[in-house]
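What follows is one structure encoded as structure tokens, with my remarks underneath.
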Amino acid sequence: MVELGQIGHLVIKDVKNMGGSPRRRLINLLSGMLGDSYSMQYLRGRLLKFGGAQIAVGVRIRGPIHVDELKKLSIGPGSFLNCEVYLDNTGAEIRIGENVIVGFRVSMTTSNHDMETREIISKPITIGDWVWIGACSTILPGVTIGKGAVVAGGAVVASDVMPYTVVGGVPARMIKKLDLPKQKIAL
Ligand SMILES: CC(C)(COP(=O)(O)OP(=O)(O)OC[C@H]1O[C@@H](n2cnc3c(N)ncnc32)[C@H](O)[C@@H]1OP(=O)(O)O)[C@@H](O)C(=O)NCCC(=O)NCCS
590 MVELGQIGHL
600 VIKDVKNMGG
610 SPRRRLINLL
620 SGMLGDSYSM
630 QYLRGRLLKF
640 GGAQIAVGVR
650 IRGPIHVDEL
660 KKLSIGPGSF
670 LNCEVYLDNT
680 GAEIRIGENV
690 IVGFRVSMTT
700 SNHDMETREI
710 ISKPITIGDW
720 VWIGACSTIL
730 PGVTIGKGAV
740 VAGGAVVASD
750 VMPYTVVGGV
760 PARMIKKLDL
770 PKQKIAL
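FYI, in the working numbering the residues of the sequence shown are 590 to 776.
This is how it looks when you write it as structure tokens:
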């Protein structure tokens, strides 16, 4: 049987093994311990805000979520991040607008390695308001996704996406243009 003392020891060991600043490690650990109810999803957003991220009111995050640098993350009101989102923002900011839906297992990475020196080269990622990013997509460094755009599931987005268009594939190409928004969304 596992005793409470052992659990405490394991938690401290987990925090030590996580990497990053002690505060970020603690936030990551606590975030991972929260459940999946609506209130826990809101609480996860509040927790990231406490850690230094700019998280607007009403943001829901299912978790588990990986964020490299809480201070380089902003998420606008009404946005929802599904489970297992991976945000690699060590070198540059990730800005997510209002009423954005990020599907499960989406990853956004702001860093490339120089082909010769392997030095890290970082560029920010910007996700416009009312964007929907389909599950298992990857958003690469420097990409801006325009307002109201849709990224199809499994896409690898290597260049900017025009507002109100649907893109998909590897690398992502335009599939079609969208009508003007109805501004209705069910999260
Ligand atoms: C893109 C998507 C929204 C469908 O849009 P749609 O307007 O109904 O598109 P259609 O099914 O009519 O397909 C239009 C074209 O896009 C292609 N397409 C559809 N989904 C695609 C995808 N994920 N990747 C690449 N191409 C795709 C179709 O093959 C079709 O190509 P064609 O015109 O050459 O035949 C949907 O396929 C998708 O990817 N949904 C994501 C689901 C998801 O991630 N859910 C998690 C919820 S957070």
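Using N, Cα and C, we set each Cβ at its ideal position, and we do this for glycine too.
All of these numbers come straight from a predicted model, not from anything done at the bench.
Not one heavy atom of ligand 1 falls within 7 Å of the beta-carbon of A747. Annotation: the continuous alpha helix (DSSP H) that includes L637 extends over 627-639. At least one heavy atom of ligand 1 lies closer than 7 Å to the C-beta of G723. The Cβ-Cβ distance between F639 and I664 does not fall below 8 Å. The beta strand (DSSP E) runs of length 3 or more contained entirely in the region 681-725 are, from start to end of the chain, 683-685, 696-698, 700-702, 709-711, 714-716.
With a threshold of 7 Å, the Cβ atom of G737 does not count as near ligand 1, since no heavy atom of the ligand is closer than that.
Residue range 611-622 is occupied by the alpha helix (DSSP H) that includes S620. Per DSSP, the continuous beta strand (DSSP E) segment holding R762 begins and ends at 762-766.
When the beta-carbon positions are compared, G647 and G621 stay at least 8 Å from each other. L623 and N671 have their C-alpha atoms spaced approximately 14 Å apart. Relative to the non-hydrogen atoms of ligand 1, the Cβ of I690 comes within a distance shorter than 7 Å of at least one. Distances from the CB of I764 to the heavy atoms of ligand 1 include at least one below 7 Å.
Judged by DSSP secondary structure, D677 falls within the beta strand (DSSP E) whose first and last residues are 674-677. Pairing I716 with V689 gives a Cβ-Cβ distance under 8 Å. If you check the CB distance, V656 and A642 come in under 8 Å. The beta carbon of P752 lies closer than 8 Å to those of G717, G735, K736, G737, A738 in the same chain, with the five residues before and after it left out. Distances taken from the Cβ of G742 to the heavy atoms of ligand 1 include one shorter than 7 Å.
Distance from the C-beta of G758 to the nearest heavy atom of ligand 1 is below 7 Å. Contact between D625 and R651 holds: CB atoms are separated by about 6 Å, below the 8 Å threshold.
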